[in-house]
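Structure first, commentary second.
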Amino acid sequence: MENHLPKKIVIELQNVKRKFIVGNEVVHALRNVSFKICEGEFVTIMGTSGSGKSTLLNQLGCLDTPTSGEYILDGISVRTMKRSERAVLRNRKIGFVFQNYNLLPKTTAVENVELPLMYNPSISAKERKERAIRSLEMVGLGNRLYHKSNQMSGGQMQRVAIARALVNDPAVLLADEATGNLDTRTSFEILVLFQKLHSMGRTIIFVTHNPEIAQYSSRNITLRDGLIREDKHNVNILSATEALSQLPLPLED
28 MENHLPKKIV IELQNVKRKF IVGNEVVHAL RNVSFKICEG EFVTIMGTSG
78 SGKSTLLNQL GCLDTPTSGE YILDGISVRT MKRSERAVLR NRKIGFVFQN
128 YNLLPKTTAV ENVELPLMYN PSISAKERKE RAIRSLEMVG LGNRLYHKSN
178 QMSGGQMQRV AIARALVNDP AVLLADEATG NLDTRTSFEI LVLFQKLHSM
228 GRTIIFVTHN PEIAQYSSRN ITLRDGLIRE DKHNVNILSA TEALSQLPLP
278 LED
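Using the working numbering, count along the sequence shown one by one with no gaps and you end on 280.
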């Protein structure tokens with residue numbers, strides 16, 4: 028018998044506005060943005076430069092708060108929180124994956140992945156290491172645990188970044204142009220990994236300017252001029268694994 032219980036809402040924005048004063052001008056970066064994201068969705072948020080995409084990313088990542096409106100993350104209202112409270116919430120509830128990886132240089136994969144756990148005094152050093160190793164194995168880097176950042180390819184560094192984002196078992200994985208610095212083949216390898224995580228029930232928000240990425244997610248939200256212009260579910264999700272198999276193999280050195 029199928030389970031028809033409604034899915035848990037992980038993210039809810041209610042009429043979120045964000046404006047900035049630039050000189051004598053008021054810039055309306057977000058205008059009455061409202062949507063909900065349920066547990067287990069893989070959502071792309073798209074938009075060109077100036078669309079409000081980066082401002083929305085900062086709201087979703089608890090790096091900023093709305094001028095007005097409400098943001099609820101995993102049942103917790105964010106708007107009236109102090110900066111320090113948001114930092115704790117961000118560390119516990121959100122796993123960030125950045126375009127530039129943001130790994131510590133000359134530091135092993137395990138040490139990089141342990142980093143978010145350092146801020147939780149209830150987790151011992153032994154448990155930190157065990158959880159970091161499990162996360163790296165999940166992204167296919169069980170044989171690169173003690174390689175340093177300068178000993179890895181771009182794709183491997185991004186996998187370390189994804190492992191670091193997973194290590195706290197966050198409510199949401201928030202990826203900011205996570206394939207932007209990678210070649211085509213490596214980009215699809217990372218998309219394969221995101222689809223695998225999605226199939227395991229992970230909630231993923233992938234912010235991108237590349238409309239091609241949208242074909243591999245379950246829902247697409249498009250921003251323009253601070254407004255949601257389109258919010259649709261993808262009924263024909265393409266397989267990144269299949270797309271990868273059709274790419275030419277890299278040339279041998």
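For glycine and all other residues, C-beta sits at the position ideal for the given N, C-alpha and C.
All values derive from a computational prediction rather than experimental measurement.
In this structure, Glu97 and Arg110 do not form a Cβ contact; the two beta carbons are roughly 18 Å apart against a cut-off of 8 Å.
In this model, Ile150 and Phe125 are separated by some 25 Å (Cα to Cα). For the set Arg251, Met179, Asn85 and Ile232, the Cα lying nearest the Cα of Leu200 is the one of Ile232.
The residues Glu141, Leu144 and Met145, in chain order, have a CB closer than 8 Å to that of Arg155 in the same chain once the five nearest residues on each side in sequence are set aside. The alpha-carbon of Lys46 is positioned some 43 Å away from that of Gln178. Setting aside the 5 residues that flank it on each side, Asp258 is surrounded in the same chain by Phe62 and Ile248, each with a C-beta closer than 7 Å to its C-beta; the list follows chain order. Runs of the beta strand (DSSP E) spanning 3 or more residues and lying entirely within the region 34-122 occur at 36-49, 52-65, 69-73 and 95-100, in chain order. Spatial neighbours of Leu209 in its own chain (CB-CB distance under 7 Å, excluding positions within 5 residues in sequence) are listed in chain order as Gly181, Gly182, Gln185 and Ile217. The beta carbon of Arg58 lies closer than 7 Å to those of Lys44, Gly253 and Leu254 in the same chain, with the five residues before and after it left out. Between Val70 and Arg246, the CB-CB gap stays under 8 Å. In this structure, DSSP gives Ala152 a helical state, which the three-state scheme calls helix. With fewer than 16 neighbouring CB atoms inside 10 Å of its own CB, His260 falls in the exposed class. For the 8 Å CB-CB criterion, Ser214 and Ala190 do not form a contact.
Between the C-alpha atoms of Asn51 and Gly77 there is a straight-line separation of about 19 Å. In this structure, the straight-line span from the alpha carbon of Cys89 to that of Asn170 is close to 34 Å.
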